[in-house]
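A.B. asks: In the numbering used here, the protein residues as written are 11 to 294.
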């Protein structure tokens with residue numbers, strides 16, 4: 011349980027961190043909270059030659075209102091997101107359900123997104139809220155839509171030379187409610203299945219919707235078929251049940267010691283329905 015030897019760097023700014031990352035390339039790993047990387051290093055499943063610790067860069071930790079939405083710094087801790095009064099409900103609920111108090115006090119949003127654990131909570135919430143991941147590299151910034159960021163098991167569209175510097179969540183339209191619910195592993199609190207929903211209601215009908223699912227497949231995803239069914243509907247029980255039944259369409263469900271693929275498929279339907287109903291109850 012001892013990591014392999016490595017060089018340690020503690021940059022004072024994002025620009026300095028980006029320069030180090032460019033210099034060392036694939037030999038380097040970014041350290042923020044460490045709850046994803048350190049266990050892998052102790053097991054020697056990850057053996058980076060260089061560690062770039064960005065956890066103390068103060069300019070990367072914040073929750074701020076901006077024109078058109080809310081900005082969250084890449085090293086912002088889960089606890090600060092969970093306790094924030096300005097982030098959308100689905101995101102604060104997801105952050106509040108991460109693991110335990112110790113992890114929430116230390117773990118960071120950027121670290122979670124970059125790691126892309128298939129059972130992580132925050133990716134589903136960001137997808138439902140149409141969040142954007144802003145990355146920094148030497149002399150360049152890039153904006154990636156959350157529904158395009160999570161590509162496969164522990165795989166994202168993040169480039170080797172990029173750091174997640176900020177997450178931006180667009181302002182919710184009037185009449186919008188959001189929610190995150192999950193069926194958790196009792197020991198780890200990872201999501202066996204977690205679902206986030208955002209629903210906008212006007213004139214008694216659903217005019218906009220977005221649903222993110224985690225834990226079910228290799229990576230978090232947008233339940234597009236469910237969204238298509240919801241828009242234009244009255245959101246009565248029959249509408250919600252029909253939409254929820256399509257939340258797993260096209261997904262290759264995870265099948266492991268925690269839950270079978272068949273059980274996860276069932277949970278996706280059940281928890282999508284719960285998330286939609288809870289989000290709808292908050293709209294208005």
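The beta-carbon is built from N, C-alpha and C at its ideal position, and this holds for glycine as well. This structure is a prediction, so every number in the text was calculated from the model and none was measured.
Which runs of the beta strand (DSSP E) fall wholly inside the segment 66 to 105 and span at least 3 residues, in chain order?
C.D. replies: Whole beta strand (DSSP E) segments, 3+ residues: 73 to 76 and 79 to 83.
A.B. asks: Where residue 177 and residue 261 are concerned, what is the direct C-alpha to C-alpha distance, given to the nearest angstrom?
C.D. replies: In a straight line, the C-alpha of residue 177 is about 26 Å away from that of residue 261.
A.B. asks: Tell me residue 17's beta-bridge partners as DSSP assigns them.
C.D. replies: Answer is 60, bridged to residue 17.
A.B. asks: As an exercise, report each continuous beta strand (DSSP E) stretch of at least 3 residues that is fully enclosed by the segment 163 to 250, in chain order.
C.D. replies: The segment 163 to 250 contains these whole beta strand (DSSP E) runs: 173 to 180, 186 to 194, 201 to 212 and 215 to 224.
A.B. asks: For my contact list, residue 40 and residue 86 are in at a C-beta cut-off of 8 Å; report their separation, rounded to the angstrom.
C.D. replies: Contact doesn't hold; Cβ gap of about 15 Å is too wide.
A.B. asks: Out of 44, 232 and 24, state which residue places its alpha-carbon closest to the alpha-carbon of residue 155.
C.D. replies: Out of 44, 232 and 24, 232 has the C-alpha closest to the C-alpha of residue 155.
A.B. asks: Going along the chain, which residues of its own chain have a beta-carbon closer than 7 Å to the beta-carbon of residue 195, five neighbours each way excluded?
C.D. replies: Same-chain partners within the cutoff: 202 and 268.
A.B. asks: Going by Cα to Cα distance, which pick from 64, 63, 47 and 128 is closest to residue 56?
C.D. replies: Ranking 64, 63, 47 and 128 by Cα distance to residue 56 puts 47 first.
A.B. asks: Taking the C-alpha atoms as reference points, what is the distance between residue 221 and residue 248?
C.D. replies: Rounded to the nearest angstrom, the two C-alpha atoms are 18 Å apart.
A.B. asks: In the DSSP assignment, the alpha helix (DSSP H) including residue 116 goes from what residue to what residue?
C.D. replies: Segment 111 to 116, the alpha helix (DSSP H) holding residue 116.
A.B. asks: Can you tell me where the beta strand (DSSP E) with residue 41 in it begins and where it stops?
C.D. replies: Its beta strand (DSSP E) spans residues 38 to 41.
A.B. asks: To the nearest angstrom, how far is the alpha carbon of residue 204 from that of residue 225?
C.D. replies: About 6 Å.
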